[in-house]
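A quick write-up on the structure given underneath.
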Amino acid sequence: RYRKATLPMLRRAREAAGDSGGGPLKLVASPWSPPAWMKTSRSMIQGHLEEKYRGAWAGYFVRFAEAFAAEGAPLWAVTVQNEVESENDRWETCRFTPQEERDFIRDHLGP
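1 is the number of the first residue of the sequence shown in the working numbering; add one for each residue after it.
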């Protein structure tokens with residue numbers, strides 16, 4: 001899906017940004033949820049990332065960034081999670097406490 005819809009749209013946006021005289025388009029990626037099997041809730045909705053899967057989840061970020069860069073859409077930044085403190089029960093989320101977010105970045109995702 002991303003090759004048919006997302007990447008062509010990003011290419012058009014990058015071209016439009018360049019044509020407008022503005023700076024380059026900066027892409028920021030923000031996930032909604034790790035796979036259910038990585039979470040305490042065993043669901044894409046609610047729950048926390050299990051500590052034992054932090055390295056695997058960081059690997060998803062790396063592969064995603066590499067795939068987009070290979071398609072000419074390099075990421076400028078990533079966030080650990082969209083709405084890290086959301087308690088919603090209607091769509092995909094993953095809760096992170098400030099300490100969990102810090103530890104994930106420090107130990108697995110950061111440089």
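Don't be surprised by glycine CBs; every beta carbon is placed ideally from N, CA and C.
Test item: CB-CB of residue i and residue j under 9 angstroms
i    : j   : result
V28  : A73 : no
E100 : Q46 : no
S33  : T79 : no
D25  : M38 : Correcting the residue identity first, residue 25 is Leu in this sequence and not Asp. Cβ atoms of L25 and M38: not closer than 9 angstroms.
L109 : A69 : no
Residue i, enclosing alpha helix (DSSP H) - first and last residue
i   : result
A69 : 54 to 70
R12 : 7 to 19
Residue i, enclosing beta strand (DSSP E) - first and last residue
i   : result
L75 : 75 to 78
Identity of the residues DSSP links to residue i by a beta bridge
i   : result
A29 : V78
H48 : R95
K39 : L49
Option nearest residue i by Cα separation, candidates the options
i    : options            : result
T97  : E85, D19, E71, F68 : E85
Q103 : G23, Y60, A70, E51 : First, the amino acid is wrong: residue 103 is Asp here, not Gln. The shortest Cα separation from D103 among G23, Y60, A70, E51 belongs to E51.
S107 : G21, R54, M44      : Looking at the sequence itself, residue 107 is Asp, so the reference to Ser does not match. If we check each option's Cα against that of D107, R54 comes out closest.
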